[in-house]
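Sequential numbering of the sequence shown, starting at 12, is according to the numbering used here.
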Amino acid sequence: MGDRRTQLAPPSKTARAIEDSLKAGYTCIRDAGGLDAGFKFAVEEGILEGPRLLCSVAIVSPSGGIGDRVAASGHRNTFNTDPMHPSGVANGPNDVRALVRELVRVGADVIKFATTGGASSRSGHGPMDIAFGQDEVKALVAEAKAQQKYTMCHAVGGPGLRMCIEAGVNSVEHGCYIADDPDLVNIMAGNNTFLTPTFEVYEFHSTISAPHVIARTKQLMQVHQDSMQMAIAAGVKISSGTDAGGFVHGDNAREIELMVERGLTNMQAIQTATGWAAECIGREKDFGTIAKGKYADFLVLDGDPLKDIGVFRAENSIQMVMKGGIAYVDNLPTQDDKTVSN
């Protein structure tokens, strides 16, 4: 399981990204901003081979936030280009509630919103800068609950990070500066709020992005590891997600490796993409662990990930990917292969 941002690509590339994620062993993916629900239906109807998809359709933010398609120049950018989709922009509690309802109407399974800027945001909308007011965030979370939808919040640090946690969001995406506000992990543990660190996107931004993005990324990476370790020590569950846009798909498991490099045990890292991830989206009764009555979702690997977490990405390591009892990848040796080898 994992998170993906697949909106910055034409349909053909999006379809390829979905297929690549399944081949990499991911049988369920939660979209983190902009995936058309049509892809979900295409997978469900067998038109496209891919993981189960939970779509957010758009990222909810105020004007100028990360969900706003209008660039600083005043031109509309390519973010979430379908003119029939809600824009993701809402200002004030009433607009926020209405937008949540619109997103559900067009197929959203989860509501993604942003209370801060990000590493790649323009000046004035950075990782510590607040987006939305407290009344707006409370209205959004309350409306999502009324619509029986889980919430996930892009929140990197500062007052916006605390705001979404206190409002009762289901999962925090990034949460890099949690360590600067240590009491937050206790609130998260008490509310069963999940943390999705997305180390992989920062590894990407730290090398090939614009200079100001690289500088921001290197700064937040210094505290990001401490934040995850503080959260896990307090009993906060971690979910695996990459925040991928036009990259990473097919190399999803790099996130699991990065979690181990930053202090999780191999077993904990595996749980972030299996049992804990299923809990994060409220689907633990259906999948995430192997048990009677659950979907037959599992991998067969040529290696032991408890000894070597890199086995998920090793060449030719994935022998089988089973989703719902159907093998979408099957590289297991046949009896004929065994006869020839003998």
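From the three backbone atoms N, C-alpha and C, an ideal C-beta is built for every residue, glycine too.
Since we're looking at a predicted model, the values are computed, not measured.
Tell me the rounded alpha-carbon separation between residue i and residue j.
| i | j | result |
| --- | --- | --- |
| Val6 | Val340 | In this structure the chain extends from 12 to 353, so residue 6 is not present and cannot be described. |
| Met95 | Ala155 | 21 Å |
| Leu343 | Leu317 | 21 Å |
| Lys123 | Ser220 | 24 Å |
| Arg133 | Asp79 | 12 Å |
| Gly321 | Glu214 | 17 Å |
| Glu326 | Asp315 | 14 Å |
| Glu266 | Thr253 | 6 Å |
| Ser98 | Arg108 | 14 Å |
| Val212 | Met278 | 22 Å |
| Glu30 | Ile329 | 15 Å |
| Gly103 | Arg227 | 29 Å |
| Thr276 | His223 | 33 Å |
| Ile337 | Ile77 | 38 Å |
| Glu56 | Gly135 | 44 Å |
| Thr162 | Asn181 | 5 Å |
Measure the beta-carbon distance from residue i to residue j and round it to whole angstroms, keeping in mind my assumption that it falls under 8 Å.
| i | j | result |
| --- | --- | --- |
| Ala43 | Ser67 | 6 Å |
| Ala242 | Val196 | 5 Å |
| Ile225 | His165 | Contact flag wrong, Cβ pair sits at about 20 Å. |
| Ala130 | Leu231 | 7 Å |
Cutting at 7 Å between CB atoms, please list the residues of its own chain near residue i, excluding the five before and the five after it.
| i | result |
| --- | --- |
| Tyr306 | Asp297, Phe298 and Gly335 |
| Gly179 | Val152 and Asn202 |
| Ile176 | Val183, Leu195, Ile198, Met199 and Thr204 |
| Phe309 | Ile301 and Met333 |
| Trp74 | Checking the displayed sequence, the identity of residue 74 turns out to be Ser instead of Trp. Excluding residues within five positions, the ones whose Cβ falls inside 7 Å are Val100 and Asn102. |
| Gln236 | Arg273 and Gly274 |
Might you give, ordered along the chain, the residues of its own chain that have their beta carbon closer than 8 Å to the beta carbon of residue i, omitting 5 neighbours on each side?
| i | result |
| --- | --- |
| Val289 | Checking the sequence shown, residue 289 turns out to be Ala, not Val. Within the same chain, Ala289 has close Cβ partners Met12, Cys39, Glu295, Asp297, Phe298, Gly299 and Thr300. |
| Thr126 | Ile141, Ala142, Phe143, Val148, Cys164, His165, Ala166, Gly171, Leu172, Met174 and Cys175 |
| Val234 | Cys187, Tyr188, Ala190 and Asp191 |
| Gln240 | Arg273 and Gly274 |
| Lys160 | Val111, Val115, Ala119, Asp120, Val121 and Ile122 |
For residue i, which residues of its own chain have a beta-carbon under 6 Å away from its beta-carbon, when the five flanking residues on both sides are left out?
| i | result |
| --- | --- |
| Pro193 | none |
| Ala200 | Ala245, Gly246 and Val247 |
| Ala48 | Cys66 and Gly118 |
| His185 | Val167 and Thr209 |
What do you reckon, are the CB atoms on residue i and residue j nearer than 7 Å?
| i | j | result |
| --- | --- | --- |
| Gly128 | Asp140 | yes |
| Ala255 | Phe323 | no |
| Pro292 | Arg41 | One point to set straight first is that residue 292 is Ile, not Pro, in the sequence displayed. In contact: Ile292 and Arg41 (Cβ atoms closer than 7 Å). |
| Ser217 | Lys229 | yes |
| Gly28 | His260 | Per the sequence shown, residue 28 should be read as Ala rather than Gly. Yes, the pair counts as a contact, with Cβ atoms nearer than the cut-off. |
| Ala53 | Leu59 | yes |
| Lys51 | Leu33 | no |
According to DSSP, which residues form a beta bridge with residue i?
| i | result |
| --- | --- |
| Leu4 | Any answer about residue 4 is impossible in this case: the structure gives the chain only from 12 up to 353. |
| His185 | Ala166 |
| Met333 | Phe309 and Ala338 |
| Ala125 | His165 |
| Thr207 | Glu184 |
| Ser72 | Val100 |
Quick one: is residue i near chain C, going by C-beta distance under 7 Å?
| i | result |
| --- | --- |
| Ala43 | Of the protein chains in this structure there is only one, and it is not chain C. |
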